[in-house]
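Trainee:
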Amino acid sequence: MYTAEETLPFFTQFLQFQAGYDDFATFQFFVIAIAMVASYLVLSLPFSIVTIIRPLAAAPRLILLVSDTVVVTLTTSVAAAAAAIVYLAHNGNPNTNWLPICQQFGDFCQAVSSAVVAASIAVVFFIVLIVISAIALKRH
Numbered sequence: 001m002y003t004a005e006e007t008l009p010f011f012t013q014f015l016q017f018q019a020g021y022d023d024f025a026t027f028q029f030f031v032i033a034i035a036m037v038a039s040y041l042v043l044s045l046p047f048s049i050v051t052i053i054r055p056l057a058a059a060p061r062l063i064l065l066v067s068d069t070v071v072v073t074l075t076t077s078v079a080a081a082a083a084a085i086v087y088l089a090h091n092g093n094p095n096t097n098w099l100p101i102c103q104q105f106g107d108f109c110q111a112v113s114s115a116v117v118a119a120s121i122a123v124v125f126f127i128v129l130i131v132i133s134a135i136a137l138k139r140h
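31 is the number that full-length UniProt numbering gives to position 31 of the sequence shown; each next residue is one higher, with no gaps.
#1: Taking the alpha helix (DSSP H) that residue 129 belongs to, which residues open and close that run?
#2: Excluding the 5 residues flanking residue 109 on each side, which residues of the same chain have their C-beta closer than 6 Å to its C-beta?
#3: Should residue 126 be labelled buried (16 or more other beta-carbon atoms within 10 Å of its own) or exposed?
#4: Going by DSSP, what residue range makes up the alpha helix (DSSP H) through residue 57?
#5: Please classify residue 93: does DSSP put it in a helix, a strand, or coil?
#6: Cβ of residue 48 within 7 Å of Cβ of residue 79?
#7: Report the option in 98, 92, 86, 70 whose CA atom is closest to the CA atom of residue 123.
#8: Roughly how many whole angstroms lie between the Cα atoms of residue 115 and residue 74?
#9: Should residue 56 go down as buried or exposed, given a rule of 16 or more other Cβ atoms within 10 Å for buried?
#10: Label residue 132 either buried or exposed according to how many other C-beta atoms from any shown protein chain fall within 10 Å of its C-beta, with 16 as the threshold for buried.
#11: Measuring CA to CA, which of 26, 96, 94, 86 is closest to residue 107?
See below:
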């Protein structure tokens, strides 16, 4: 998403149309939130190592479970918000006279759509992670 940008010339080289992720507040929110999620994943590694070394320690497992739940909520919300904007970019909204921009900015829409799909897949992985963590916490 961060690298999604495309410039189209309009009549002359001096007059151009540009589309970038930073033109949409929702996409800026997406980039910031996914960066926070990635930072969380790196910072949660020590807790994960502690739970592997000491399988009977319940506190680090509970902290990871709660934190993973917060992260999956953030990832779901940011993916859904970005998906709504991507839908508008692809289809537009004839009731409000919003034209689809993906007819002109194909590469931009391809990059943005790929980022939203990747975030949706990450949500599924986080949900599986939460279920596995909950089962492991219940066993011990």
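Note that CB positions come from ideal geometry on N, CA and C, so glycine has one too.
Mentor: Working from what's here:
#1: 106-139
#2: 89, 102
#3: buried
#4: Taken as a continuous stretch (DSSP letters only), residue 57 belongs to no alpha helix (DSSP H), as it is neither H nor E.
#5: strand
#6: no
#7: 70
#8: 15 Å
#9: Exposed is the call here.
#10: Residue environment: residue 132 is assigned as exposed (fewer than 16 neighbouring CB atoms within 10 Å of its CB, all protein chains considered).
#11: 86
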